[in-house]
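These notes concern the structure reproduced below.
Residue numbers (this note's numbering): 420 to 1035.
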């Protein structure tokens, strides 16, 4: 349809509706549950000249100075000259251009300054409303019917940032409050340019810089990330952009050819794709693919990583951990001390104070500061298996690094349960199992994390295996070991296929559900179960105590219930009733209201079973 015909149809539709006194817009959902108005032409999501015709039937009183600011900023955004600047600058722009705005509103056919706007017709509509507002002497009683339009960031990327509590991605997608809006596509482009500039010896890096990296090249790969973007589709988007741009410039694709054996465009796009992919990760999720791998089992990974990160020298040989860490952690730490010729006294445990169940954060920090340059390693369970306490990993990492120690975490009860930002926190290494909150079957494969700064550190000692050998050289079957850069270099042998298949199936469920929704239900359902237990406790006369922290930021989907008497009998009764809980000596029942599959009704039935126990 030509623009002329489209405009004519819109005007005809508008004329028909003009005298109707108001109408409703029916909306529909697409397959991704995005909402769209059904009318195709005269629509709030149509062309500029269509949206400019729309008004709300019922107006809104301006009210106060904040309303003026919102109104003014909306106009500045529509014009486009300062729409990426800080909010006060955009408001000032309106004040500076008030005369032009009013002149355009009074005589738009002769005073055509408005036509230079990014959205000229919507801007003109705003200018007319602004003129009338000015005529009222900017009265707080002025009634506006003009729709305020906002250009939002990609919602899928915002969900990524929200579910991971990612401050980097949150800032990039305007979730974090700021006077100046962020342009995620431009941020990725800038990150990519910086990486290319650092690759001074790479011929293709220089060719890409000459070509010109901009937000348009990065926009589609970034935008499509939440919709199952792969490296293959990322490469295809880059290729499409190149062909279009080079065509428009009349430049041959051959400028990228550096080898007679390969097609120039394939070579160029194939080379750039992983660099762009990594740039997206750094801006959006604050984590890097190079830092993680799924392999081996949990305790195996503890030992493999301690080979690299526990290197006692002289007086610096102590390890700090939490008291009542999981036994496997204790065994691993003690055996590592023994292997290095250290004593049991070199394992410093931080425990709860007398009469308390959980460990105070300040006591962990104080212990680190006390032993200072005697500490070689700080190693703590991210979420304590017994109490369910979620430790402040960022602050612990900072304290450990301040005294020159390496810092690692066992995330067995944290992965899939609480939000983690290992890269941003600067954690040296971590590991986790997949058969708890990640639902990947008993004995499921483990994951490990090694911070990017250690990725190419060949001085780190490690136990080597064929599967951790450089992929390009692996099948040459050479004698000397060349580790893969990053976490993959700590692999020994290939991961079990069936275990990996189960893990993949689980991760797909997590992806479909979305960690933002999982986290929301986690906090709500855990709080609901706690409420039911406390209510029962009051009625029964203090028969139990929840020893897990009450603050949602200090726990995940776990409540550890300390029974004052008959705890084991209660556990047996729960088991007989079909409740899958966990008994931990001496007298604690652990329950996990896992948000993916536990309902609020399940929590109610659980407490009812306790309530009906005859010994109370």
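By construction, the Cβ of each residue, glycine as well, lies at the ideal position given by its N, Cα and C atoms. Because the structure is a prediction, the values reported are computed rather than measured.
Same chain only: Cβ atoms within 6 Å of residue 858, ignoring 5 sequence neighbours per side: Mapped onto the chain shown, residue 858 falls at position 439. In chain order, 925 place their CB closer than 6 Å to the CB of residue 858, counting only its own chain and leaving out the 5 sequence neighbours on each side.
Own chain partners of residue 1023 with C-beta closer than 8 Å, once the 5 adjacent residues on each side are dropped: The residue labelled residue 1023 in the question sits at position 604 within the chain shown. Closer than 8 Å at the Cβ level, and outside the excluded window around residue 1023, lie 951.
8 Å contact criterion, which residue 882 and residue 911 should meet: CB distance rounded: Position 463 of the chain shown, counting from 1, holds the residue named residue 882. Position 492 of the chain shown, counting from 1, holds the residue named residue 911. Rounded, the Cβ-Cβ distance is 7 Å, consistent with contact.
Rounded C-alpha distance that separates residue 846 from residue 874: In the chain shown, the residue the question calls residue 846 occupies position 427. In the chain shown, the residue the question calls residue 874 occupies position 455. Looking at the two C-alpha atoms, the distance is approximately 13 Å.
Residues that residue 829 bridges to, as DSSP identifies them: Residue numbering aside, residue 829 sits at position 410 when the chain shown is read from its first letter. In the DSSP output, where bridge partners are listed per residue, residue 829 has 800, 850.
Paired residues, beta bridge with residue 1001 - DSSP: As a first step, residue 1001 is located in the chain shown; it is residue number 582 there, counting from the start. Residue 1001 is bridged by DSSP to 1009.
Own chain, CB closer than 7 Å to residue 944, minus 5 neighbours either side, in chain order: Residue 944 sits at position 525 when you count from the first residue of the chain shown. Answer for residue 944: 1012, 1014, 1017, 1019, 1022, listed in chain order.
Buried/exposed call for residue 564, threshold 16 Cβ in 10 Å: On the chain shown, residue 564 is found 145 positions in, with the first residue counted as 1. Exposure of residue 564 is indicated by the presence of fewer than 16 other C-beta atoms within 10 angstroms of its C-beta.
Residue 467 and residue 539 closer than 8 Å at C-beta: In the chain shown, the residue the question calls residue 467 occupies position 48. In the chain shown, the residue the question calls residue 539 occupies position 120. Cβ distance < 8 Å, so residue 467 and residue 539 count as in contact.
8 Å Cβ cutoff met for residue 1009 and residue 979: In the chain shown, the residue the question calls residue 1009 occupies position 590. In the chain shown, the residue the question calls residue 979 occupies position 560. Between residue 1009 and residue 979, the C-beta spacing is below 8 Å.
Proximity of residue 971 and residue 932 at Cβ, strictly below 8 Å: Numbered from its first residue, the chain shown carries residue 971 at position 552. Numbered from its first residue, the chain shown carries residue 932 at position 513. Taking 8 Å as the cut-off, the Cβ atoms of residue 971 and residue 932 do not count as close.
Cβ-based neighbour list, residue 776, same chain, cut-off 6 Å, excluding 5 preceding and 5 following: Taking the chain shown and counting its residues from 1, the one referred to as residue 776 is at position 357. Shown here for residue 776: same chain residues with a beta carbon closer than 6 Å to its own, the five before and five after excluded, namely 806, 966 in chain order.
Separation of residue 957 from residue 1030, as counted between CA atoms: Walking along the chain shown from the start, residue 1030 turns up at place 611. Walking along the chain shown from the start, residue 957 turns up at place 538. The C-alpha of residue 957 is placed about 12 Å away from the C-alpha of residue 1030.
Residue 728 and residue 796 closer than 8 Å at C-beta: If you number the chain shown from 1, residue 728 lands on position 309. If you number the chain shown from 1, residue 796 lands on position 377. In this structure, residue 796 lies closer than 8 Å to residue 728 by Cβ.
Any 3 or more C-beta pairs closer than 8 Å across the segment 500-512 and the segment 432-443: Counting C-beta pairs with one atom in each stretch, the segment 500-512 and the segment 432-443 have fewer than three that are closer than 8 Å, which means they do not touch.
Delimiting residues of the beta strand (DSSP E) encompassing residue 787: Here residue 787 is taken as the residue at index 368 of the chain shown, counted from 1. Unbroken run through residue 787 is the alpha helix (DSSP H), 780-790; no beta strand (DSSP E).
The segment 732-743 in contact with the segment 763-773 per 3-pair CB rule at 8 Å: Touching, yes.
Start and end residues, beta strand (DSSP E) containing residue 963: The residue you call residue 963 lines up with position 544 of the chain shown. In the DSSP assignment, residue 963 falls within the beta strand (DSSP E) that extends over 963-965.
C-alpha gap between residue 896 and residue 753, whole angstroms: Here residue 896 refers to the residue found at position 477 when the chain shown is read from its first residue. Here residue 753 refers to the residue found at position 334 when the chain shown is read from its first residue. Cα atoms of residue 896 and residue 753: separation of roughly 36 Å, rounded to the nearest angstrom.
Separation of residue 688 from residue 493, as counted between CA atoms: Counting from one through the chain shown, the residue named residue 493 turns up at place 74. Counting from one through the chain shown, the residue named residue 688 turns up at place 269. So the alpha carbons of these two residues sit roughly 39 Å apart.
Status (buried if at least 16 other CB within 10 Å, exposed otherwise) for residue 892: Start at 1 with the first residue of the chain shown, and residue 892 comes out as number 473. Classification of residue 892: exposed, given that the 10 Å Cβ count is below 16.
Inter-residue CB distance, residue 600 and residue 483 (contact presumed, cutoff 8 Å): In the chain shown, residue 600 corresponds to position 181, counting from 1. In the chain shown, residue 483 corresponds to position 64, counting from 1. Incorrect: roughly 23 Å between the Cβ atoms, too far for contact.
Opening and closing residue of the beta strand (DSSP E) in which residue 740 lies: Within the chain shown, numbered from 1, the residue matching residue 740 stands at position 321. Note, residue 740: beta strand (DSSP E), 737-741.
Per-residue burial, residue 748 [other beta carbons within 10 Å of its own, 16 or more giving buried]: The count along the chain shown starts at 1 and reaches residue 748 at position 329. Counting Cβ neighbours within 10 Å, residue 748 comes out buried, since at least 16 surround it.
Residue 903, enclosing beta strand (DSSP E) - first and last residue: What you label residue 903 is simply residue 484 of the chain shown in a count that begins at 1. That residue, residue 903, is in no beta strand (DSSP E); it is neither H nor E in DSSP.
Contact test: residue 806 Cβ vs the ligand MG heavy atom, cutoff 7 Å: This structure lacks the ligand MG; in fact it carries no ligand of any kind.
Residue 658 and residue 694 closer than 8 Å at C-beta: Start at 1 with the first residue of the chain shown, and residue 658 comes out as number 239. Start at 1 with the first residue of the chain shown, and residue 694 comes out as number 275. In this structure, residue 694 does not lie closer than 8 Å to residue 658 by Cβ.
From 609, 968, 575, 842, residue whose alpha carbon lies closest to that of residue 1068: The question about residue 1068 has no answer here: the residues shown for the chain are numbered 420 through 1035.
In chain order, each alpha helix (DSSP H) run of at least 4 residues that lies wholly inside the segment 920-959: Qualifying alpha helix (DSSP H) stretches, in chain order: 934-959.
Residue 488 - DSSP class collapsed to helix/strand/coil: Counting from one through the chain shown, the residue named residue 488 turns up at place 69. Residue 488: helix per DSSP, three-state reduction.
Residue 709 and residue 906 closer than 8 Å at C-beta: Here residue 709 is taken as the residue at index 290 of the chain shown, counted from 1. Here residue 906 is taken as the residue at index 487 of the chain shown, counted from 1. In this structure, residue 906 lies closer than 8 Å to residue 709 by Cβ.
According to DSSP, residues forming a beta bridge with residue 745: Position 326 of the chain shown holds residue 745. Looking at the DSSP assignment, residue 745 forms no beta bridge with any residue, so it has no partner.
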